[in-house]
Amino acid sequence: MTKLKKKNSKSMREIYNLQSKFTYISMDLGTANTLIYVEGQGIIFNERSIVAYSNTSGDVLAVGDAAFEMKGKTVRGVYLVEPLLNGVVGNIKSVSDMIRYAFMSVDSLHLLNDSIFVLASPSRITPLEAKGLEGVAKNLGAKYVYVEEEVKMSALGVGVDIHRPSGTLVVDIGGGTTDVAVVASGDIVVSKSIRIAGNYFTAEIQRLIKDLYNFDIGFRMAEEIKVKISSVTNSLIETDELLPIYGRDIHSGLPKSIYVKPQQIRIAFDEGVSRIINVIKLTIEEVAPELTVDLGKNGIFLAGGGALIKGLDKYISKVFGIPCYQGQDPLLSVINGTIAVKSRVKKVINIQEEYGVDTKRAEAILAKKAEKH
Numbered sequence: 001m002t003k004l005k006k007k008n009s010k011s012m013r014e015i016y017n018l019q020s021k022f023t024y025i026s027m028d029l030g031t032a033n034t035l036i037y038v039e040g041q042g043i044i045f046n047e048r049s050i051v052a053y054s055n056t057s058g059d060v061l062a063v064g065d066a067a068f069e070m071k072g073k074t075v076r077g078v079y080l081v082e083p084l085l086n087g088v089v090g091n092i093k094s095v096s097d098m099i100r101y102a103f104m105s106v107d108s109l110h111l112l113n114d115s116i117f118v119l120a121s122p123s124r125i126t127p128l129e130a131k132g133l134e135g136v137a138k139n140l141g142a143k144y145v146y147v148e149e150e151v152k153m154s155a156l157g158v159g160v161d162i163h164r165p166s167g168t169l170v171v172d173i174g175g176g177t178t179d180v181a182v183v184a185s186g187d188i189v190v191s192k193s194i195r196i197a198g199n200y201f202t203a204e205i206q207r208l209i210k211d212l213y214n215f216d217i218g219f220r221m222a223e224e225i226k227v228k229i230s231s232v233t234n235s236l237i238e239t240d241e242l243l244p245i246y247g248r249d250i251h252s253g254l255p256k257s258i259y260v261k262p263q264q265i266r267i268a269f270d271e272g273v274s275r276i277i278n279v280i281k282l283t284i285e286e287v288a289p290e291l292t293v294d295l296g297k298n299g300i301f302l303a304g305g306g307a308l309i310k311g312l313d314k315y316i317s318k319v320f321g322i323p324c325y326q327g328q329d330p331l332l333s334v335i336n337g338t339i340a341v342k343s344r345v346k347k348v349i350n351i352q353e354e355y356g357v358d359t360k361r362a363e364a365i366l367a368k369k370a371e372k373h
């Protein structure tokens, strides 16, 4: 085996001092929400993933929650773009605008200059799209850019040690997709993804209310209902009170409010939950017998906003006979994972600087060093 030669004569102290000059920044660019973390400041941005453009000039008018306020409304001269649709990069320009203007909205764009930037991306993106995301970050001034899969970051964010050889199953129910993965030895052993997640459940609530009551409601109204009634059984709904719903009567076309039983709307979750269960089953079936034993011991971890569906953890545990846990702060699981990986990323950069190797080779060197200890 060829012995690695050091790239230069810099001491490890000099390399460490070099890296300490760079601000560590991470971003969870999700279908539903975008979150930004800055070392020393914490989470500085947590808003909707949406950009509002001018119809005439094409200029960015708003991003995040300010743009989301326009959704479902007829705002003259404005069109809205969601950078990610169902876990897929829809438009690289809108991604770049979302990142740039998110930082600008909190007066932090300058922090990207010579930064270490970790971007958590949907598991469904292609290598070409990942390269595109890396290019966006570098164009904004980042020195080192790492594009990491959301499901890996989610696992770290809910407390899973993804670098141990023992396998753990993670179910990340986000806004656009549910990603199911078995992680072990720092990598994804097997994974599957389905376009059944938060936005799907919201759309199902809209559809059900339309079918049952001949009543149209907006996305935001459906989101509010989802938060109040999301559960796997009627018995877990915390209120029997009728829900006030505001929308438009289909027959008259006029604004109207109605009151509905939450139990009648809860069934909007049944089909989606059933399909998520099926994807978990298909994922487990592809795992080697040795790792299947690990899953029985280590259990299943739920991450993402969908983990908050009441009773889902117990239901999954009952179906598979495996312990299932709702991760801590599931809505923050991805961004917390990018924070947890900070120390490792800096070690990788140190190796890159010391030996002049690429990221993949530096990761391998770090893994070998860990084995020796």
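Per our numbering, residue 1 is the first one in the sequence shown, and the count goes up by one each step. Ideal placement from N, C-alpha and C gives every residue a C-beta, glycine not left out.
(request) Pull up the distance between the alpha-carbon of Gly253 and that of Ile229, whole angstroms please. (result) Each residue's Cα considered, the two are about 27 Å apart.
(request) Could you please give the first and the last residue of the uninterrupted beta strand (DSSP E) stretch that includes Asn46? (result) Per DSSP, Asn46 belongs to the beta strand (DSSP E) from 42–48.
(request) With distances taken Cα to Cα, identify the nearest neighbour of Gly337 among Asn214, Val158, Val38, Lys347. (result) Selected option, being the one with the closest Cα: Val158.
(request) Return the Cβ separation of Tyr213 and Ile276 in integer angstroms, given the expectation that the two are a contact with Cβ distance under 8 Å. (result) Between Ile276 and Tyr213 the Cβ distance is about 27 Å, and since that is not below 8 Å, they are no contact.
(message) Quick check: the Cα distance between Ile99 and Gly304, rounded to an integer number of angstroms?
(response) Going from the Cα of Ile99 to the Cα of Gly304 covers about 21 Å.
(request) Please report how far the alpha carbon of Glu224 lies from the alpha carbon of Ile309, in whole angstroms. (result) Glu224 and Ile309: Cα-Cα distance of roughly 14 Å.
(request) Please name the residue, chosen from Leu80, Gly30, Glu286, that lies closest to Val88 on a Cα-to-Cα basis. (result) Of the candidates Leu80, Gly30, Glu286, the residue whose Cα lies closest to the Cα of Val88 is Gly30.
(message) If I follow the unbroken alpha helix (DSSP H) through Thr202, where does it start and stop?
(response) Note, Thr202: alpha helix (DSSP H), 198–213.
(message) DSSP three-state label for Ser185, please.
(response) The answer is coil: DSSP assigns Ser185 none of H, G, I, E or B.
(message) In the DSSP assignment, the beta strand (DSSP E) including Ser121 goes from what residue to what residue?
(response) Element bounds for Ser121: 116–121.
(request) Spatial neighbours of Phe215 within its chain, please: CB distance less than 8 Å, with the 5 preceding and 5 following residues excluded, ordered by chain position. (result) Here the set comprises Ile209, Ile245, Gly247, Arg248, Asp249, Ile250, Lys256, Ile258.
(request) Tell me whether the beta-carbon of Ala52 lies closer than 7 Å to the beta-carbon of Leu80. (result) Yes, these two residues count as a Cβ contact at 7 Å.
(message) Tell me the rounded alpha-carbon separation between Ile188 and Gln326.
(response) Straight-line Cα distance between these residues: approximately 20 Å.
(message) Give the list of continuous alpha helix (DSSP H) stretches no shorter than 4 residues that lie fully inside the region 139–196.
(response) Every alpha helix (DSSP H) stretch that sits fully inside the region 139–196 and reaches 4 residues is listed by chain position as 150–157.
(request) Check whether the Cβ atoms of Gly218 and Gly72 sit closer than 7 Å, and answer yes or no. (result) In this structure, Gly72 lies closer than 7 Å to Gly218 by Cβ.
(message) Assuming Asp28 is part of the beta strand (DSSP E), what are its boundary residues?
(response) From DSSP, the beta strand (DSSP E) with Asp28 extends over 24–29.
(message) So if DSSP puts Ser54 in a beta bridge, which residue, or which two residues, is it bridged to?
(response) Val78, per the DSSP bridge assignment.
(request) Check whether the Cβ of Gly174 lies closer than 7 Å to any Cβ atom in chain C. (result) Chain labels in this structure do not include chain C; a single protein chain is all it has.
(message) Going by C-alpha to C-alpha distance, which of Ser333, Val334, Gly299, Gln328 sits closest to Gly321?
(response) When each option's Cα is compared against that of Gly321, the closest is Gly299.
(message) Once DSSP output is grouped into helix, strand and coil, what is the label at Arg100?
(response) Correct three-state label for Arg100: helix.
(message) Quick check: what's the CA-CA separation for Cys324 versus Val60?
(response) Each residue's Cα considered, the two are about 43 Å apart.
(request) Check Gly247 in the structure and name its three-state DSSP category. (result) DSSP places Gly247 in the strand class (E or B) of the three-state scheme.
(message) Assuming Ser235 is part of the alpha helix (DSSP H), what are its boundary residues?
(response) Note, Ser235: premise wrong, no alpha helix (DSSP H); not H, not E.
(message) If contacts are defined as beta-carbon pairs under 8 Å, then Val106 and Ile173 qualify, I think. What distance do you get, rounded to the angstrom?
(response) Actually they are not in contact, since the Cβ atoms of Val106 and Ile173 sit about 28 Å apart, beyond 8 Å.
(request) State the start and end residues of the unbroken beta strand (DSSP E) segment that holds Ile258. (result) Segment 255–260, the beta strand (DSSP E) holding Ile258.
(message) DSSP three-state label for Thr126, please.
(response) Thr126: coil per DSSP, three-state reduction.
(request) Could you tell me the distance, in whole angstroms, from the CA atom of Ile116 to the CA atom of Tyr24? (result) Rounded to whole angstroms, the gap between the alpha carbons of Ile116 and Tyr24 is 5 Å.
(message) If I measure Cβ to Cβ from Val160 and keep anything under 7 Å in the same chain, skipping five residues before and after, which residues do I get?
(response) Result list for Val160: Thr168, Val170, Val183, Phe301, in chain order.
(message) Per the DSSP calculation, Val38 is bridged to which residue(s)?
(response) Beta-bridge pairing links Val38 to Ile25, Gly42.
(message) Would Lys192 and Val279 qualify as a contact pair, given that the criterion is a beta-carbon distance under 7 Å?
(response) Closer than 7 Å, so yes.
(message) Closest to Lys281 by C-alpha separation, out of Leu35, Ala155, Asp179, Ser121, would be which residue?
(response) Ranked by Cα distance from Lys281, the options Leu35, Ala155, Asp179, Ser121 are led by Asp179.
(request) Count the other CB atoms, across all protein chains shown, that sit within 10 Å of the CB of Lys318; report buried if there are 16 or more and exposed otherwise. (result) When all chains shown are included, Lys318 counts as exposed.
(message) Given this structure, state the Cα-to-Cα distance separating Arg220 from Met104, to the nearest angstrom.
(response) Spanning the two alpha carbons is a distance of roughly 26 Å.
(request) Taking Ser49 as the reference, give the member of Ile335, Gly58, Glu39, Ala102 with the closest Cα. (result) It is Ala102.
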